[in-house]
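Scroll down for the structure; my scribbles are underneath it.
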Amino acid sequence: MNHQSSISGQGIPGNVALRSPLAMSSDELNRVVSICQSIDPGMIESIRVNRSAAAQRAQSERRPQMPSTCNTVQAIAQWQAAMRPSAPRAIPLPFQRIGSVAIVHLNGFLAKYPSWLFYFVRGTSTLDFAEAVSAAARDTLVKSIVLIVDSGGGEVAGAFQAAQAVYDARKKMRVVAVTSDLNASSAFLISSQANEVVINESGFLGSIGVYAILADYSGMYERAGIKVNVVRADGADFKGIGEPGSEITPAQLAEVKRRVEQTHNLFLRHVARGRNLPVDRVRALATGQAFGSSEAIRNKLADRVVSDPESVITELDRPFAEQLAKM
955 MNHQSSISGQ
965 GIPGNVALRS
975 PLAMSSDELN
985 RVVSICQSID
995 PGMIESIRVN
1005 RSAAAQRAQS
1015 ERRPQMPSTC
1025 NTVQAIAQWQ
1035 AAMRPSAPRA
1045 IPLPFQRIGS
1055 VAIVHLNGFL
1065 AKYPSWLFYF
1075 VRGTSTLDFA
1085 EAVSAAARDT
1095 LVKSIVLIVD
1105 SGGGEVAGAF
1115 QAAQAVYDAR
1125 KKMRVVAVTS
1135 DLNASSAFLI
1145 SSQANEVVIN
1155 ESGFLGSIGV
1165 YAILADYSGM
1175 YERAGIKVNV
1185 VRADGADFKG
1195 IGEPGSEITP
1205 AQLAEVKRRV
1215 EQTHNLFLRH
1225 VARGRNLPVD
1235 RVRALATGQA
1245 FGSSEAIRNK
1255 LADRVVSDPE
1265 SVITELDRPF
1275 AEQLAKM
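Numbering (this note's numbering), first residue to last: 955 to 1281.
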């Protein structure tokens, strides 16, 4: 999982995280918009977004369409706000249902909130995923849940909430996580909470671990003749870690490492709970490696090999299996 570090920008309040616009929440985007407008109104117009593919896919999926004026960060923020989990949905059920089996997908890059980036690359909002699993568990027509997983993981934010939703659902009904080629990092954190984890023969599973990336640009700035000063309040020694151009001290690196270790240990405890394994056993497997199907089963991270998700659905819903046999 990628443990994103919040980096406050020069002239920007410390509670604003300067990340790529694609990784920002709606609130962060709105705050950056107002700051940019106060500094240089022309800055907003310099940010462009290609919207043609997004518009076509939005129309086909009946999801909120990106506005025609989506050529500024502000328009992106407004459109992203409409995609938040609290926004009304055109599709009444957040999951598919075949017979008594609910099907919830966990695909691509995992992020806490929906993003317009998902119209260009595959991705899943972990909050939307958690909502779908919880809704399926409440549905009186649903007797079991199949999670179809094809993801290499993503952000820490939202992943543990999604994992808890799966764990809560398995107390009410059988939940089977089907690995369709890749089930790694935060995707495995989430799917490990199911009653059963299955994998296709050529699939890979695992990659247990957490990391953060922190770049130190102070040497480059120094060569350019620029000295960056981060002015902190007394005692706030860890504010502004990673501010572009500032030197990252050993103490700051140690603080980031401490946070990474905290999240890593939480990851291990969740996998141990979901897979009914000792934490030390999971820790020994937490090398960041993804295991092939036979290795995953041998390490008790998966239970068995299946040919495809359809075979699991037919196991769980006999009427569907009988109907399929007649076709």
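We put the beta carbon where it would ideally sit given N, CA and C, even for glycine.
- Counting C-beta atoms within 10 angstroms of its own C-beta, S1105 has 16 or more neighbours from the protein chains shown and is therefore classed as buried.
- Look at G1199 here: in three-state DSSP terms it is coil, with no helix or strand label.
- R1229: member of the alpha helix (DSSP H) spanning P1204 to R1229, first to last residue.
- When the five nearest sequence neighbours on each side are left out, the beta carbons in the same chain lying within less than 7 Å of the beta carbon of V1132 are those of V1100, L1101, I1102, V1103, V1152, V1260, P1263 and V1266, in order along the chain.
- For the pair E1249 and W1070, the Cα-to-Cα distance works out to about 37 Å.
- About 15 Å separates the Cβ atoms of A1113 and S1088, ruling out a contact at the 8 Å cut-off.
- L1239 and S1098 do not touch by the CB rule: their CB atoms are close to 28 Å apart, not below 8 Å.
- Within the region 1242-1273, the complete beta strand (DSSP E) segments of 3 residues or longer fall at 1244-1246, listed in chain order.
- An exposed status is given to G1179, since fewer than 16 other beta-carbon atoms sit within 10 Å of its beta-carbon.
- Sequence-distant partners of Q1147 (beyond 5 residues in either direction) whose C-beta falls short of 6 Å from its own C-beta, in its chain, are A1117, V1120, Y1121 and G1228.
- Judged by beta-carbon spacing, K1066 lies beyond the 8 Å limit of T1078, meaning their Cβ atoms are not closer than that value.
- With a minimum length of 4 residues, the unbroken runs of alpha helix (DSSP H) contained wholly in the region 1156-1188 fall at 1172-1177.
- By alpha-carbon distance to I1167, the top candidate from L1159, S1140, V1214 and V1185 is V1214.
- For the set T1203, A1256 and L1159, the Cα lying nearest the Cα of L1231 is the one of A1256.
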